[in-house]
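Note that the sequence shown ends on residue 855 in full-length UniProt numbering; no numbers are left out.
Notes for the one structure printed next.
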Amino acid sequence: MSESAPSPDRVDHIVFAWSERLLIGGSGLGPVASSLDRDGLRLWNDRLVGGDAAVGQWHYGAAECVALGALRLGQHGVALRLLPARDANGRVSQLVHALIGPAATVDARLALGLHAWPGWVTPDDVPGLPDSLSPWDAAELRTFARTAMDAFPLRHEPLAGLLAGVLAAPTDRYAAVIVPGDLDLVAGLVRRLGGVAGDEPWTMMLGATVTRAELRPRLLVSELDDARRGRVQLTTAPTGDARLDRGAMLLAALPDAAPPRTPLTTPATLLDWVESEHQRATKVLDLIDRALAGTLDDDARRHLDGPSGQDRLRAELRHVGAVEFADRLRRWAADPPRGLGNAARTLRILAAERYLAEAGESREVAEPLADAARRMDITVVEASRVLANWFGGLTQVTPWHQYEAVYFALWFGVEVTTDPTVGKALHGIPVEDLLSWAASMAAEGQTDAALHFMRAAYDRWRRSTDRAGNEKVRALLRETGTFHETIHRLVAAGDATAEEETHLYRIVLHLAYGAPIVDMKAVLGALPMDAALTEYRPWTAVAAVVERRDLVFQVAAHAYNRNAPQVVLEELLRRFSSADLILGLAARPGQPGLLVPVCELLRTRRHDADQRQANRRALLENGFLIDLVESAWQAAPDRRLAAYGHFIGGAYRVGDRARQDGAGLSVADVQELLALGGPPSFGLAVLAAAGTDAVLTVLVGETQRHAVEMGLSEDLVRQITRGPYFRPPQVEQVEPDDVPTPAPVPSPRDPIPGGPDPKQPPSFGGGDRACGVCGEDHHQADEVGRRFPGAGLGLNRNALISGGVLALVLVLLIYILFVRGGSDDDPPRRVTPTVTPTVTVTVTKPPKAPTGQND
């Protein structure tokens with residue numbers, strides 16, 4: 001422990017005992033267990049002289065006892081409990097258990113109240129004691145000690161004797177001639193004189209002596225005459241001074257008195273204060289005590305419960321000590337006297353008023369008053385009226401008054417969402433405190449109050465001209481996982497919609513990071529660590545709040561890294577158009593994790609012409625995301641092919657060639673896509689989406705590109721893949737007499753299965769648009785088919801042979817793509833295959849009139 005101020009909520013402790021192995025090294029009497037760190041232990045070991053700061057009286061031949069002390073060192077208080085013990089050689093020793101904490105907590109009241117505390121270490125506990133101990137909670141120790149102090153019996157006469165000695169010399173140090181076990185008498189001295197007599201704090205040592213001068217206690221109880229020397233002797237007998245003895249008796253009869261503003265240092269001023277306290281407390285308190293004891297007669301009961309009795313209660317009890325007043329109220333609440341309903345109402349209202357008056361001086365003194373008022377069933381209306389009168393009567397409202405008003409409302413159940421006084425008080429309270437209160441209220445089930453605090457903070461932010469964020473709120477969000485638990489409680493309690501939940505996140509995000517939100521690193525860093533436990537609701541809400549595409553994609557990528565399921569990622573990205581999804585992916589080239597949800601969204605959407613055009617533009621401007629797809633699924637060609645298919649389907653009007661529905665990529669579309677120079681899987685995706693007329697363009701284009709990649713020159717590649725890609729049928733004319741009877745031609749309404757549409761010329765992949773040089777040949781073939789019915793069969797045969805050519809080209813392309821396309825070796829020299837099908841139709845009889853074509 002360093003020299004800095006001690007923590008008000010923590011009490012450390014050290015156990016000193018005889019041991020062969022001390023925590024600081026060596027053997028002998030010293031520390032064997034502690035809750036302090038190494039530096040703190042060394043510091044306090046020196047201050048407490050290794051356990052010898054106090055030495056039990058049994059070391060000097062006096063009777064063994066349980067020695068108890070409360071000392072002070074600067075801002076720290078030390079409570080000591082000493083027990084007789086033996087060292088390894090059987091010699092007299094001691095076990096010392098020291099509690100160390102803030103002086104306001106660790107004092108004589110705490111030490112006396114802990115006289116029977118089960119947390120003290122005994123010699124039997126030492127062998128099994130761990131080196132490292134856990135610190136104690138200061139509030140728990142105070143609660144235990146307060147209960148034990150209240151349980152001490154009150155022996156008026158011996159206590160009055162001790163008090164008389166102090167009244168005679170209020171600034172000295174004392175040696176009480178009692179035994180160390182007379183804890184009730186010592187408690188009476190401390191309770192009645194602490195903060196009253198003399199400036200020096202009431203430190204004590206019972207059954208032991210202190211070896212360091214700076215630790216000398218104000219009150220010593222010891223059986224050793226030498227230890228008492230130089231101190232004012234306090235005995236239980238009267239002093240013989242009538243005024244001192246009377247003052248002592250009055251003081252002994254008073255419960256815990258409210259100390260004066262400053263300690264009193266002369267017998268005269270001290271006796272005057274005692275007399276004043278007695279006069280203030282006796283009259284009406286006597287009636288209350290008689291009512292509590294059940295000895296109040298009917299006349300007195302009617303008086304106390306009537307108008308005059310109410311006036312006396314209000315006038316006199318405003319000056320009664322807070323502790324004394326709270327004690328009577330506690331007893332009243334536990335067993336209410338009969339026939340005093342009006343008095344009870346006045347008492348609980350006075351308790352609430354006294355709470356507000358005392359809280360500014362000491363919350364520890366004031367809180368028992370508030371607790372007593374609640375135990376006496378103060379109503380919300382009464383509490384609200386008390387708050388309004390107090391707040392309205394302030395000449396100057398400080399931040400403390402604002403906080404106190406809200407605390408009071410929460411303590412007494414005043415409706416914070418509608419109470420006008422609370423509304424006035426909230427105006428000046430920092431937003432981080434409002435959010436902290438909201439968290440506390442939500443945890444206690446007061447969801448209306450929690451929502452009110454959050455909305456009050458947000459309303460103030462919206463009205464402010466400065467829309468910047470708040471660092472303290474950011475710290476709060478980091479501590480609370482973006483306020484997730486509080487918002488979850490509020491949503492669950494109110495059965496809120498997704499929009500309402502998003503608005504709650506909007507409140508805390510704007511308060512923390514301002515508007516617009518741009519610092520996504522800080523936002524994402526504050527999200528809960530256990531994302532799955534939250535069902536990723538904070539991520540969804542953050543995405544809805546930030547809205548901007550690049551920021552939402554950051555949120556989605558963060559959720560992906562937290563193992564968010566695909567349905568969550570789709571929900572995060574669903575708000576964007578397909579074109580925005582494509583652009584969002586393109587902006588994150590090194591993070592392919594969002595490809596799957598984007599592809600799934602594209603797959604399930606139906607795009608009109610304008611949307612396809614926008615998607616097409618976005619894809620072409622970003623290279624069809626080829627690099628992203630290839631890096632995402634290097635070992636999964638089927639997934640790459642599917643992704644390209646989704647992109648093409650979202651950007652172009654595609655169909656199924658097998659159904660001959662006329663849809664699919666046109667030649668111009670194919671050329672546009674092949675110009676991107678994609679990998680083989682991209683070329684296959686283009687081929688899969690190509691229309692009937694564009695298939696040959698894909699095959700030839702991909703063959704040309706990959707042949708160049710193999711190392712062949714462009715001129716040679718163009719020579720190899722030169723057109724035309726099929727040869728029109730040749731018709732040989734013969735004598736008419738040799739023409740056989742033509743076979744019946746199938747009706748156009750009953751087309752040949754698997755053959756071309758009789759209404760259309762046979763297609764050889766590209767059609768007239770695919771290969772402009774072939775248009776005349778098609779026309780010629782039509783004419784032959786009409787004039788010589790048998791030529792139709794020849795054309796079908798030609799189509800089959802042309803299909804074989806296309807199949808051969810496809811085989812060549814597949815070989816290049818998947819056999820040679822993936823090799824880094826120099827390609828071997830090849831002989832370009834040339835296939836020239838020739839179809840000859842023999843006609844036995846010439847036509848009657850020449851056609852003038854194909855001569």
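C-beta atoms are modelled at their ideal positions from N, C-alpha and C, and glycine is treated no differently.
The model shown is predicted, which means the values in this text are computed figures rather than measured ones.
Judging by CA-CA distance, which residue of the options is the nearest neighbour of residue i?
i: Trp400; options: Thr417, Pro368, Pro259 and Ala357; result: Ala357
i: His510; options: Ala5, Gln591, Ala457 and Val66; result: Ala457
i: Ser666; options: Thr692, Ala658, Ala675 and Pro679; result: Thr692
i: Arg312; options: Arg192, Ala300 and Glu200; result: Ala300
i: Pro307; options: Ala333, Leu340 and Arg290; result: Leu340
i: Met204; options: Arg228, Ala108 and Gly90; result: Ala108
i: Arg294; options: Gly194, Pro336 and Tyr403; result: Going by the sequence as given, residue 294 is Gly instead of Arg. Looking at the Cα atoms, Pro336 is the closest of the given residues.
i: Leu73; options: Gly119, Ala5, Pro118 and Asp125; result: Ala5
i: Pro31; options: His97, Ser276, Phe152 and Leu712; result: His97
i: Tyr60; options: Ser222, Asp137 and Leu68; result: Ser222
i: Val546; options: Arg363, Asn561, Tyr505 and Arg478; result: Tyr505
Is the Cβ-Cβ distance between residue i and residue j less than 7 angstroms?
i: Ala164; j: Leu244; result: yes
i: Ala326; j: Ala359; result: no
i: Leu80; j: Leu215; result: no
i: Arg155; j: Arg218; result: no
i: Asn615; j: Ala579; result: yes
i: Leu699; j: Val686; result: no
i: Ala103; j: Leu95; result: no
i: Asn342; j: Asp297; result: no
i: Pro170; j: Ala197; result: yes
i: Leu162; j: Leu234; result: yes
i: Leu533; j: Ala556; result: no
i: Gly188; j: Ala145; result: no
i: Ala438; j: Ala425; result: no
i: Leu159; j: Ala54; result: no
i: Ala405; j: Val416; result: no
i: Ala352; j: Ala383; result: yes
In angstroms, rounded to a whole number, what distance separates the CA positions of residue i and residue j?
i: Thr143; j: Met149; result: 10 angstroms
i: Ala636; j: Glu630; result: 9 angstroms
i: Gly655; j: Asp669; result: 14 angstroms
i: Gly40; j: Val365; result: 32 angstroms
i: Thr604; j: Phe682; result: 21 angstroms
i: Gly128; j: Thr122; result: 11 angstroms
i: Val11; j: Val284; result: 40 angstroms
i: Gly678; j: Asn563; result: 31 angstroms
i: Phe553; j: Gly514; result: 20 angstroms
i: Ala498; j: Tyr536; result: 13 angstroms
i: Arg385; j: Met249; result: 41 angstroms
i: Leu83; j: Ala268; result: 41 angstroms
i: Glu20; j: Ala116; result: 30 angstroms
i: Thr480; j: Glu471; result: 14 angstroms
i: Gly525; j: Ala543; result: 14 angstroms
i: Arg231; j: Ala168; result: 13 angstroms
i: Glu570; j: Ala541; result: 14 angstroms
i: Pro153; j: Ala258; result: 20 angstroms
Could you round the C-beta distance between residue i and residue j to whole angstroms and report it? I think they count as a contact, below 8 angstroms.
i: Leu224; j: Ala62; result: 6 angstroms
i: Met376; j: Arg348; result: 4 angstroms
i: Pro680; j: Leu628; result: That belief does not hold up - the Cβ atoms of Pro680 and Leu628 are roughly 17 angstroms apart, past 8 angstroms.
i: Gly51; j: Leu29; result: 5 angstroms
i: Pro597; j: Gln566; result: 6 angstroms
i: Leu585; j: Leu601; result: Actually they do not touch by this definition, with Cβ atoms about 11 angstroms apart.
i: Ala33; j: Pro130; result: 6 angstroms
Just checking residue i against the ligand ATP - is the residue's beta carbon closer than 6 angstroms to any of the ligand's heavy atoms?
i: Asp311; result: What this structure holds is no ligand at all, so the ligand ATP is not there to describe.
Starting from residue i, follow its DSSP beta bridges and name the residues at the other end.
i: His97; result: Val15 and Arg81
i: Gln233; result: Ala175
i: Val186; result: DSSP lists no partner for Val186.
i: Arg72; result: Gly77
i: Trp136; result: Val11
i: Gly28; result: Ser19
i: Met204; result: Ala70 and Leu219
i: Pro102; result: His76
i: Val55; result: Thr209
Establish whether the CB of residue i and some CB of chain B are separated by less than 7 angstroms.
i: Asn622; result: Annotation note: the requested chain B is absent from the structure, which comprises a single protein chain.
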